[in-house]
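Heads up: the sequence shown is residues 3 to 480, going by our numbering. Using N, Cα and C, we set each Cβ at its ideal position, and we do this for glycine too. Presented below is the structure to which this report refers.
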Amino acid sequence: MSPQAQTKTDLDRKSIPGVDRLTIVANRLPVRRVEQGGRKRWQRSPGGLVSAVAPFVERCHGSWVGWPGYPEKEGPALKPFTHEDISIRPVPLSQDELDTFYYGFSNATLWPLYHDAIRPPVFRRSWWRAYVHVNRRYAQAAARAVEPGDTVWIHDYQLQLVPSMLRELVPKLRIGFFLHIPFPPEEIFARLPWRTQIIEGLLGSDLIGFQTKLGAQNFSRAARRFSAARGSDRQLDFSGRPIRVGPYPISIDVKHYEQLAASPEIIKRAEGLRDQMGRNRRVILGVDRLDYTKGIDLRLRAFRDVLERGRLSVRDCVFNQIAVPSREQVEQYQELRRNVEEEVGRINGEFSEPGLPAVHYHRRNLPVEDLMAFYLAADVLVITPLRDGMNLVAKEYVASRLDNTGVLVLSEFAGAAHELRSALLVNPYDIDGMASTLESAVRLSDRDVTRRMQAMRRVVKRHDVFKWADSFITELTR
Ligand code: G6P
Numbered sequence: 003m004s005p006q007a008q009t010k011t012d013l014d015r016k017s018i019p020g021v022d023r024l025t026i027v028a029n030r031l032p033v034r035r036v037e038q039g040g041r042k043r044w045q046r047s048p049g050g051l052v053s054a055v056a057p058f059v060e061r062c063h064g065s066w067v068g069w070p071g072y073p074e075k076e077g078p079a080l081k082p083f084t085h086e087d088i089s090i091r092p093v094p095l096s097q098d099e100l101d102t103f104y105y106g107f108s109n110a111t112l113w114p115l116y117h118d119a120i121r122p123p124v125f126r127r128s129w130w131r132a133y134v135h136v137n138r139r140y141a142q143a144a145a146r147a148v149e150p151g152d153t154v155w156i157h158d159y160q161l162q163l164v165p166s167m168l169r170e171l172v173p174k175l176r177i178g179f180f181l182h183i184p185f186p187p188e189e190i191f192a193r194l195p196w197r198t199q200i201i202e203g204l205l206g207s208d209l210i211g212f213q214t215k216l217g218a219q220n221f222s223r224a225a226r227r228f229s230a231a232r233g234s235d236r237q238l239d240f241s242g243r244p245i246r247v248g249p250y251p252i253s254i255d256v257k258h259y260e261q262l263a264a265s266p267e268i269i270k271r272a273e274g275l276r277d278q279m280g281r282n283r284r285v286i287l288g289v290d291r292l293d294y295t296k297g298i299d300l301r302l303r304a305f306r307d308v309l310e311r312g313r314l315s316v317r318d319c320v321f322n323q324i325a326v327p328s329r330e331q332v333e334q335y336q337e338l339r340r341n342v343e344e345e346v347g348r349i350n351g352e353f354s355e356p357g358l359p360a361v362h363y364h365r366r367n368l369p370v371e372d373l374m375a376f377y378l379a380a381d382v383l384v385i386t387p388l389r390d391g392m393n394l395v396a397k398e399y400v401a402s403r404l405d406n407t408g409v410l411v412l413s414e415f416a417g418a419a420h421e422l423r424s425a426l427l428v429n430p431y432d433i434d435g436m437a438s439t440l441e442s443a444v445r446l447s448d449r450d451v452t453r454r455m456q457a458m459r460r461v462v463k464r465h466d467v468f469k470w471a472d473s474f475i476t477e478l479t480r
């Protein structure tokens with residue numbers, strides 16, 4: 003999502019009663035260092051969180067605390083600076099801190115644990131110590147940016163100790179926390195040796211938001227079991243303070259995606275893709291970070307099944323998988339990549355015909371314009387995570403289908419499935435079920451396709467990312 007699409011009108015719309023200054027604390031800064039004409043400069047990062055939250059921060063000349071995106075030694079030492087009306091407060095991380103805090107505790111302990119323990123979470127005491135240490139550094143950087151009475155919004159699983167650490171440093175703050183990934187069922191969370199510390203860290207907030215009602219319930223139950231917190235699923239009491247808990251499903255900048263989908267340049271690119279892949283073939287698309295939670299390997303397995311049984315052939319359809327490289331230092335990610343690439347090779351080896359590959363595999367980070375061209379070219383989008391906080395790709399596809407065509411096959415274990423009820427919902431563990439759903443998706447009648455897409459577009463248009471940020475901040479400042 004490009005920041006340029008943020009218009010002045012959007013900014014004017016955002017008045018935040020009761021918020022003089024807003025500070026965001028997130029693992030990454032909203033800017034990244036890019037090279038242009040041989041010179042390095044800062045540029046607003048793409049992505050939903052940044053374009054949703056930045057207008058609020060700009061409006062109240064707030065700050066953003068986060069990691070600049072490179073190991074400390076590989077870039078300049080940074081002091082706070084201002085970028086497009088946002089005061090940027092960098093938290094530098096050394097290579098060792100990245101290995102232990104980011105790749106280790108955040109992405110090899112918490113990430114698998116919070117995603118149903120799809121891969122065994124690794125518990126290492128040295129990683130936990132690094133997590134505590136780095137969370138404290140974020141809290142200290144935030145404390146330097148705020149004044150008593152300010153509002154602070156902390157984001158995601160990398161920073162769950164920051165709410166209570168920050169409250170200790172600056173007692174009179176309004177603190178909100180939003181978890182972008184699922185909060186696991188109590189029995190899975192129970193395995194974490196530091197479960198009480200994590201819960202108490204989060205309970206430093208005044209409001210804790212989750213993607214779904216289930217996530218909010220899981221948290222409240224875990225809080226009652228593993229800490230001294232008491233109360234209901236919606237409100238807990240801890241250390242003499244009330245803490246509100248609730249679902250705040252995140253969304254996308256719908257208008258921005260609609261504008262891109264209407265752009266003649268992107269429509270032309272999509273036409274080009276259709277020509278290249280064969281006008282008579284149905285185009286099936288998968289778009290994911292190359293992450294084992296996304297179910298890419300099982301989805302390909304289901305596609306192989308469809309071809310093996312002759313229910314569809316490479317003359318009927320072609321599968322495109324866009325896989326964005328991610329966290330490549332973590333072993334489970336390397337293993338997943340090997341599995342996916344082996345499966346792609348196997349399918350192509352067995353089923354491709356000259357000029358008709360069964361699967362196109364694109365392992366790269368695509369600019370949003372190219373991604374949009376794929377969305378427009380795809381008859382079917384297949385999003386089948388084994389567990390996913392929300393999945394914004396599903397919403398982006400729906401937003402881009404201006405003519406109400408296109409079929410969405412969606413895992414029932416994605417947060418988005420709670421809202422996009424008119425998708426073809428699948429259990430991604432059920433290979434037979436996925437195979438028959440893929441076949442149905444390709445064969446769905448035009449009438450059915452339109453009816454389903456219309457219903458999903460209504461849902462997505464009603465609740466965009468600005469509404470999401472607005473409703474969270476409004477509740478926080480109530
Ligand atoms: C998920 C997390 C985010 C994270 C993103 C990309 O969406 O919820 O917090 O930023 O993945 O992962 P990365 O490790 O590259 O920041």
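Would you give the residue range spanned by the beta strand (DSSP E) that residue 411 belongs to? From DSSP, the beta strand (DSSP E) with residue 411 extends over 409-413.
How would you write the range of the beta strand (DSSP E) that residue 237 sits in, first residue to last? 237-240
Rounded C-alpha distance that separates residue 48 from residue 386: 24 Å
Quick check on DSSP: helix, strand or coil for residue 468? helix
With contact counted as at least three CB pairs below 8 Å, one residue from each stretch, are the segment 83-102 and the segment 47-66 in contact? Yes, the segment 83-102 touches the segment 47-66.
Assess contact between the segment 204-222 and the segment 155-175, defined as three or more Cβ pairs (one per stretch) separated by less than 8 Å. Is contact present? Remark: three or more beta-carbon pairs, one from each stretch, lie closer than 8 Å, so the segment 204-222 and the segment 155-175 are flagged as touching.
May I ask which residues mark the beginning and end of the beta strand (DSSP E) holding residue 89? Per DSSP, residue 89 belongs to the beta strand (DSSP E) from 88-92.
Can you check whether the CB of residue 116 is closer than 8 Å to the CB of residue 185? yes
Report the option in 396, 301 and 278 whose CA atom is closest to the CA atom of residue 359. 278
Between 144, 169, 114 and 240, which lies nearest to residue 190 when the distance is taken from Cα to Cα? 114
For residue 244, does the three-state DSSP call read helix, strand or coil? Shown here, residue 244 sits in a strand according to DSSP, grouped into three states.
Alpha carbons only, please: which of 149, 83, 162 and 43 is nearest the one belonging to residue 107? 162
Measure how close the beta-carbons of residue 144 and residue 67 come, nearest whole angstrom, since I'm counting them as under 8 Å. Correct: roughly 5 Å between the Cβ atoms.
Have a look at residue 263 and residue 456 and give me their C-alpha separation to the nearest angstrom. 16 Å
If the criterion is Cβ atoms closer than 8 Å, does the pair residue 229 and residue 240 meet it? yes
In angstroms with no decimal places, state the Cα-to-Cα distance between residue 195 and residue 232. Each residue's alpha carbon lies about 21 Å from the other.
Using the Cα positions of residue 461 and residue 397, report the straight-line distance between them to the nearest angstrom. As the crow flies, the alpha-carbon of residue 461 is around 9 Å from that of residue 397.
In this structure, how does DSSP classify residue 329 when only helix, strand and coil are distinguished? coil
Grouping DSSP H, G and I as helix and E and B as strand, with all else coil, what is residue 475? Helix, per DSSP.
Which partner residues does residue 48 have in the DSSP bridge list? Residue 48 pairs with nothing; no bridge assigned.
Compare the Cα-Cα distances from residue 120 to each of 253, 109 and 234 and report the closest residue. 109
Taking 7 Å as the cut-off, is the C-beta of residue 339 nearer than that to any heavy atom in the ligand G6P? no
So what's residue 81 in DSSP terms, helix, strand or just coil? coil
When the distance is taken between beta carbons, is residue 174 closer than 8 Å to residue 203? no
Quick check: the Cα distance between residue 118 and residue 39, rounded to an integer number of angstroms? 45 Å
Should residue 182 go down as buried or exposed, given a rule of 16 or more other Cβ atoms within 10 Å for buried? buried
When burial is assigned at 16 or more other CB atoms within 10 Å of the CB, is residue 389 buried or exposed? buried
Identity of the residue in 364, 440 and 454 nearest residue 384 by Cα: 440
Are there any heavy atoms of the ligand G6P lying less than 7 Å away from the beta-carbon of residue 385, as far as the coordinates show? no
Alpha-carbon to alpha-carbon, residue 417 and residue 276: Spanning the alpha carbons of residue 276 and residue 417 requires a straight line of approximately 31 Å.
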